[in-house]
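Enquirer: Throughout the sequence shown, residue numbering follows my numbering, covering 2 to 153 in sequence. For glycine and all other residues, C-beta sits at the position ideal for the given N, C-alpha and C. Before I ask anything, let me first share the structure, which is written out below as structure tokens.
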Amino acid sequence: MGYPRSMTEQTPLTCVLGFVRAIEAGGGAAEVDGFLAEDFTLVEAPHVLAPEGTRRTRDQVLAGAEQSRQVVSNQRFDVRRTTCEGNRVVLEVDWSATLLMNLRYWDAGDTIRARTTSVFEVREGRITSQDSYDCYFTGDEDDADEVQPAAE
2 MGYPRSMTEQ
12 TPLTCVLGFV
22 RAIEAGGGAA
32 EVDGFLAEDF
42 TLVEAPHVLA
52 PEGTRRTRDQ
62 VLAGAEQSRQ
72 VVSNQRFDVR
82 RTTCEGNRVV
92 LEVDWSATLL
102 MNLRYWDAGD
112 TIRARTTSVF
122 EVREGRITSQ
132 DSYDCYFTGD
142 EDDADEVQPA
152 AE
């Protein structure tokens with residue numbers, strides 16, 4: 002894939018984008034594991050699929066990477082903007098996937114879409130944390146295409 006020879010040779014942005022591309026390619030735990038530090042944590046702000054939000058450990062995220070193949074296919078991450086400061090990387094992304102099962106607002110076969118912003122911290126070439134803020138589109142699919150980024 003053209004990744005650096007070792008995780009410590011890459012920039013924080015390269016590490017985070019590699020992680021995202023591994024997920025997009027349908028990677029399971031084995032493909033995602035190398036990007037995550039042993040003490041990795043994922044915090045998701047409340048959203049339509051997790052109204053209380055979530056906090057997950059590295060092991061829970063790796064298990065989720067395996068299970069995601071039963072829930073979605075054709076994941077796509079369209080990175081709209083990146084911001085980097087030191088070891089912190091912020092990604093603004095339009096995410097979509099095809100559902101393989103029914104969920105509260107969608108049926109199997111539907112394309113699910115979200116606008117998401119994630120803040121990553123990277124240490125020694127591995128991601129130590131991810132805080133995600135996801136906004137799922139639950140109405141007309143065309144609504145997702147009409148959302149414009151905030152004016153600068």
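For ARG77 and GLY19, I'd like the C-alpha separation in whole angstroms.
Expert: Walking along the sequence shown from the start, residue 77 turns up at place 76. Walking along the sequence shown from the start, residue 19 turns up at place 18. Cα to Cα, the separation comes out at about 13 Å.
Enquirer: Whether or not the stretch 63-72 and the stretch 19-37 are in contact is what I'm after, with contact meaning three or more pairs of Cβ atoms, one per stretch, closer than 8 Å; do they touch?
Expert: yes
Enquirer: Return helix, strand or coil for THR139, following the three-state DSSP convention.
Expert: Taking the first residue of the sequence shown as position 1, residue 139 is located at position 138. Coil.
Enquirer: Would you mind sorting THR117 into buried or exposed? The rule is 16 or more other CB atoms within 10 Å of its CB.
Expert: One-based indexing of the sequence shown puts residue 117 at position 116. Result: buried.
Enquirer: So, for ARG124: in the same chain, excluding its five sequence neighbours on each side, which residues have a beta-carbon less than 8 Å away from its beta-carbon?
Expert: As a working mapping, residue 124 is identified with position 123 in the sequence shown. Only ALA38, ASN88 meet the Cβ criterion.
Enquirer: Could you name the residues of the same chain whose beta carbon sits closer than 8 Å to that of LEU21, not counting the 5 residues immediately before and after it, in chain order?
Expert: Taking the sequence shown and counting its residues from 1, one reaches residue 21 at position 20. Correcting the residue identity first, residue 21 is Val in this sequence and not Leu. Excluding positions up to five away in sequence, the list reads PHE78, VAL80, LEU92, VAL94.
Enquirer: Please state whether DSSP places VAL49 in a helix, a strand or coil.
Expert: Translated into positions along the sequence shown, residue 49 becomes position 48. Looking at VAL49 - three-state DSSP - the assignment turns out to be coil, as it is neither helix nor strand.
Enquirer: Quick one, which of CYS136, PHE121, TYR137, PHE138 has its alpha-carbon nearest SER130's?
Expert: For this step, residue 130 is matched to residue 129 along the sequence shown. When each option's Cα is compared against that of SER130, the closest is PHE121.
Enquirer: Name the two residues that bound the continuous beta strand (DSSP E) containing PHE78.
Expert: Reading the sequence shown from its first residue, position 77 is the one you call residue 78. Looking at the DSSP string, the run of the beta strand (DSSP E) that includes PHE78 is 73-86.
Enquirer: Could you tell me the distance, in whole angstroms, from the CA atom of PRO47 to the CA atom of THR83?
Expert: Taking the sequence shown and counting its residues from 1, the one referred to as residue 47 is at position 46. Taking the sequence shown and counting its residues from 1, the one referred to as residue 83 is at position 82. Their backbone Cα atoms lie some 23 Å apart in a straight line.
Enquirer: In the structure shown, what three-state DSSP assignment does ALA98 receive?
Expert: Translated into positions along the sequence shown, residue 98 becomes position 97. ALA98: strand per DSSP, three-state reduction.
Enquirer: List the residues that DSSP assigns as beta-bridge partners of ARG124.
Expert: Translated into the one-based positions of the sequence shown, residue 124 becomes position 123. ARG124 is bridged to ARG127.
Enquirer: Can you round the beta-carbon distance between VAL49 and TYR106 to whole angstroms, since I take them to be within the 8 Å contact cut?
Expert: Here the question's residue 49 lines up with position 48 in the sequence shown. Here the question's residue 106 lines up with position 105 in the sequence shown. So it is a contact: roughly 7 Å between Cβ atoms.
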